[in-house]
Every structure is written in C-alpha cells, then in structure tokens.
Amino acid sequence: LWQDTFFGLDVVQQQLLIGSAVALAAGGILAYVMQRRNKARSIPLGEGWWGAGEKTLSEDHTIYPFSVKTSDEEIKDLHRRIDSFRFSDPLEDCGFNYGFNSTYLKKVVSYWRNEFDWKKQVAMLNKYSHFRTKIEGLDVHFIHVRQAVRGDQKVLPLMLVHGWPGSFYEFYKILPLLTQSQDGVAFEVVIPSIPGYGFSEAPYKQGFNSLAVARIFLTLMERLGFSQFYVQGGDWGSLITTNMAQMKPDCVKGLHLNMCMSTRGFKVLLSLIIGPYLPFLVGFSREDVRRLFPFFEKNVWEVLRESGYLHIQATKPDTAGCGLNDSPVGLAAYILEKFSTWTKKTNRDLVDGGLERKFSLDDLLTNVMIYWTTGSIVSSMRFYKENFKTNPESRIDAKTGIFVPTGLAAFPQELMHCPKSWAQIRYRNICSYTFMPAGGHFAAFEEPRLLADDIFQFVKKVEKL
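For the sequence shown, position 239 matches number 239 in full-length UniProt numbering, and the numbering has no gaps at all.
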C-alpha cells in the first residue's frame with residue numbers, strides 16, 4: 001500500500017514528497033489558469049504546393065482507379081540483386097542486439113528468393129479498391145472500402161493513417177473487422193499512403209512535414225464527400241491525425257490513437273518524483289507505475305537503444321538511403337529489425353528476433369516490397385528530417401490543445417508509455433483510455449481484433465450509442 005511505502009521513507013524523503021505534492025497542486029492551479037487564457041482551439045490550415053516545378057493555375061480533382069502492378073522484369077531484377085548480396089558473419093550469441101542477425105537474415109532471404117510469390121501478393125493487395133488523386137501537386141494513393149448498408153445499420157467514415165516503416169498494408173487484417181457491423185455500427189474506411197511512402201508520389205520541395213500531410217488528407221476526405229469523420233493513427237499517423245483534429249475540429253468527430261507522445265513540463269517532472277511512491281496524487285494507476293518505472297531504464301536508456309535510426313533520418317536521410325534503395329536485402333534488414341524490437345523489446349535477445357511469432361514472412365516481405373518496388377525508402381526517411389528541422393515543441397501544433405473527443409489505446413509493448421494524466425495536458429477531451437492487454441508499436445498489424453474492438457467502443461461513446 002502507498003501508506004506503507006510513504007511511512008517507510010525517512011523524514012527528509014517524506015518532507016520532499018510533501019513539498020513536491022504542494023508544488024504540484026500550485027502548479028496545477030497555474031496550469032489551469034494558463035489553459036483558460038489559451039483560447040486557441042484550432043491551428044491554421046495553411047497551404048502548400050509540393051509538385052515538380054512551378055505551381056499550376058488549376059488542379060485536376062478527378063479520382064482515378066489504381067491497381068498495384070508488377071512484371072517479370074521487376075522480379076528478375078529483385079532476384080539478381082538478392083543473389084549478389086554479401087552476407088557478414090554475426091557475433092556469437094548476440095541475437096538482435098547488434099541489429100538484424102545475419103544468420104536469420106539468410107533464412108528470410110532464402111524464403112524471399114525461392115518461395116515468396118510477389119505476383120500472388122499483388123493480387124491480394126488488389127482485393128480492395130485503390131485510387132489516386134492529385135492534391136497540392138502530388139498523386140495521393142488511398143484505399144476506400146465500404147460495405148452495403150443493411151437496414152438501420154449506422155455506417156461512419158473512418159480514416160486510418162500508417163507510420164514508418166509501415167504502409168497501408170498494415171491495416172489489411174483490421175479492415176474486414178471494421179467494415180463488418182458491430183452492434184449496428186460499421187465503418188466506411190479510407191486508408192491513404194503518406195506522400196513519399198509506397199504508391200503516393202513523393203514531394204519535390206523541402207518542408208513537407210506532418211502539417212502538410214494533415215492538410216492533404218483533410219482535402220482528400222472533403223473530395224470524397226465527407227464533412228464529418230473519425231481518424232485513427234499510430235507512429236507518424238498519430239501526429240498527422242492529431243494535426244487534422246487541430247486544423248478542422250468541426251470535421252473530425254473523434255480521434256483514436258494507439259501512440260501518444262508525452263509532453264515535458266512541471267507536471268510531468270513532479271509526477272516522476274512522486275509517482276513511484278504516491279501515484280494517486282499525480283493520477284497514476286498501478287499499471288502506469290508498472291509501465292513507467294524505473295523511468296530512466298524504461299523511457300530513457302530504452303529509447304536511446306532504439307532511436308539511432310531516428311537521428312540518421314532526421315539529419316542525413318539521403319546518405320543512408322542510397323544503400324537501402326540499391327539493395328533489397330539491406331532494405332529488408334533495416335525495415336524488419338523494427339518489426340522485431342518494436343513488437344517486443346526482449347526480442348533483441350532472440351536469434352530470429354521473434355519475427356515469426358507475430359507475423360508471417362509473407363506479410364513482412366509484402367510490406368518490404370511496397371518500399372522496394374516504389375523506390376520510396378529515401379523519401380519516407382526524409383519525413384523525419386522535415387519534422388525535426390526545428391524544435392517540434394516550438395511548432396504551433398505543439399502549443400495548441402486538442403479538443404475533439406479522443407480515445408487512446410495504450411499497448412504494453414509500445415516504445416514509450418504515456419499515462420492518461422500526461423496525455424490530458426494536450427488532449428483535453430479524452431473519452432476513452434484503455435490499457436491494452438497485448439501488442440506493441442504496430443497495433444493493427446499485430447493485434448487487429450483488440451484494436452478494432454477499442455475503436456468501436458470509443459466511437460460508440462462519442463455517438464452515444
């Protein structure tokens with residue numbers, strides 16, 4: 001019990017905690033006053049043009065059908081490059097602690113070269129309707145899935161947004177769960193590819209950040225005829241959908257996230273001091289304490305171990321991208337390592353990275369092939385550079401609250417845990433916060449049923465069903 005923990009401390013520690021609690025209360029009052037003074041409830045929409053050359057006087061708003069294609073030449077080139085790859089020997093007993101273990105990589109590559117059927121996977125990708133349309137000078141790819149309405153069934157529009165190194169394919173397992181009616185509610189689902197990822201055209205101009213993507217995706221939903229809709233995202237998708245909710249809060253009926261980054265500040269600092277001993281004072285549950293502490297081990301050192309890629313991509317993405325865009329095996333190792341450690345951190349200690357415990361090689365390699373065949377790894381990596389060119393906390397979206405109804409699904413193996421009390425600093429209208437029982441960073445890919453159920457329960461709360 002917290003009483004035992006508190007009274008077990010020495011007098012100095014007790015006084016420090018009591019003083020911190022008083023300071024927290026004072027800080028809370030100050031934060032409330034400042035929040036009341038900050039009346040901004042939205043951010044400017046802005047404008048942009050990301051196509052090649054000068055901006056055209058008019059833009060074609062037509063939505064064109066699109067299908068994924070391949071050729072024998074494309075597959076032959078892939079096989080030729082795979083066959084010429086030079087493997088290095090791994091260190092003994094290192095698992096995935098040094099990155100993708102080359103012993104297991106040989107197995108993955110052998111399957112890719114001799115058993116993986118890309119033509120079959122292309123047919124599978126095309127089972128849903130794909131489209132492209134020109135927005136701000138770029139061809140934007142998306143999937144649009146809608147089921148026939150039956151009786152009094154309520155069908156609500158929902159956009160799902162991926163991150164890196166994922167793609168629209170992450171949502172293929174959750175799609176049929178969302179479009180099927182649950183208690184009279186079903187979704188009409190739109191899944192775009194972030195420009196520069198997969199089949200969406202890459203920007204030609206510098207400065208293409210999450211705010212630009214949010215505006216483009218709002219334009220897409222408007223072009224599809226939706227005046228109000230729900231949005232859902234993880235990784236970059238969580239920031240993009242958050243920006244959408246900030247730009248047009250009247251259009252975004254609800255925002256559901258499976259990743260939420262905490263903000264810094266007085267409240268967060270004090271809760272780290274008090275939280276392990278008197279969690280109820282700072283709004284922590286027992287599960288929050290279990291996931292957060294020891295804080296430096298779980299949220300500082302752990303992030304440092306897993307964020308080397310981020311520093312490269314946020315500074316010199318084109319340099320590292322040269323090798324990845326030229327070597328399919330190098331690309332697979334770079335991408336699939338994330339699907340190992342971001343799914344479960346202890347996978348680092350396994351020689352196979354635990355990859356096939358959650359995913360099939362067909363699914364993993366299909367996502368890699370979307371990057372390979374479109375040559376989009378470099379442009380996808382540049383998205384980090386564009387979003388970290390300046391301090392993200394000084395941007396207008398970081399200084400503006402989110403007031404639309406918000407649902408948060410906190411998966412236990414996510415890279416960083418964000419307690420509800422921290423999330424409420426920015427997200428001012430949290431209707432649902434769920435400690436998910438299993439799953440990591442790629443929620444829709446790993447645990448489609450759990451994520452779908454949480455989306456449904458959140459939307460039902462917002463709709464008051």
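Every residue gets a Cβ at the ideal spot worked out from N, C-alpha and C, and that includes glycine.
- The residue among 404, 439, 417 with its C-alpha nearest the C-alpha of residue 463 is 404.
- Counting of Cβ neighbours within 10 angstroms places residue 419 among the buried residues, the total reaching 16 or more.
- According to DSSP, residue pairing for residue 131 in a beta bridge involves 65, 142.
- Its chain contains 96, 340, 341, 353, 354 as the residues whose beta carbon lies nearer than 7 Å to that of residue 347, once the 5 sequence neighbours on both sides are disregarded; these appear in chain order.
- Counted as a single uninterrupted DSSP element, the alpha helix (DSSP H) harbouring residue 381 occupies residues 377-387.
- Under the three-pair Cβ rule at 8 Å, the segment 323-336 counts as touching the segment 369-377.
- When rounded, the separation of the alpha-carbon atoms in residue 287 and residue 227 is 38 Å.
- For residue 313, the enclosing alpha helix (DSSP H) starts and ends at 308-313.
- Between residue 177 and residue 189 the beta-carbon gap is near 10 Å, outside 8 Å, which marks them as no contact.
- Residue pairing by DSSP puts residue 230 in a beta bridge opposite 158, 254.
- Taking all protein chains in view, the Cβ of residue 438 is surrounded by fewer than 16 other Cβ atoms within 10 Å, so the residue is classified as exposed.
- Residue 414 and residue 321 have their C-alpha atoms some 26 Å from each other.
- Residue burial annotation: residue 143 is buried, with at least 16 other C-beta atoms found within 10 angstroms of its C-beta.
- Counting the other CB atoms within 10 Å of its CB gives residue 396 a total below 16, which places it among the exposed residues.
- By the criterion of at least three beta-carbon pairs nearer than 8 Å, the segment 262-282 is not in contact with the segment 235-245.
- Take residue 184, set aside five residues on each side of it, and the residues of its chain with a beta-carbon closer than 7 Å to its own are 152, 153, 154, in chain order.
- Burial check for residue 238: the Cβ neighbour count within 10 Å reaches 16 or more, so the residue is buried.
- Buried is the label assigned to residue 121, since at least 16 other Cβ atoms lie within 10 Å of its Cβ.
- With at least 16 other beta carbons inside 10 angstroms of its own, residue 313 counts as buried.
- Residue pairing by DSSP leaves residue 340 without any beta bridge partner.
- Non-local beta-carbon contacts of residue 349 in its own chain, meaning distances under 6 Å to residues more than five positions away in sequence, involve 95 in chain order.
- In terms of Cβ geometry, residue 406 and residue 427 form a close pair [threshold 9 Å].
- The beta carbons of residue 411 and residue 447 sit closer together than 9 Å.
- Looking from the CA of residue 127, the closest CA among 67, 111, 79 belongs to 67.
- Around the beta carbon of residue 180, fewer than 16 other beta carbons lie within 10 angstroms, which makes this residue exposed.
- The residues 233, 237, 240, 241, in chain order, have a CB closer than 6 Å to that of residue 161 in the same chain once the five nearest residues on each side in sequence are set aside.
- Secondary structure at residue 70: coil, using DSSP grouped into helix, strand and coil.
- As the crow flies, the alpha-carbon of residue 250 is around 28 Å from that of residue 196.
- DSSP links residue 189 through a beta bridge to 145, 158.
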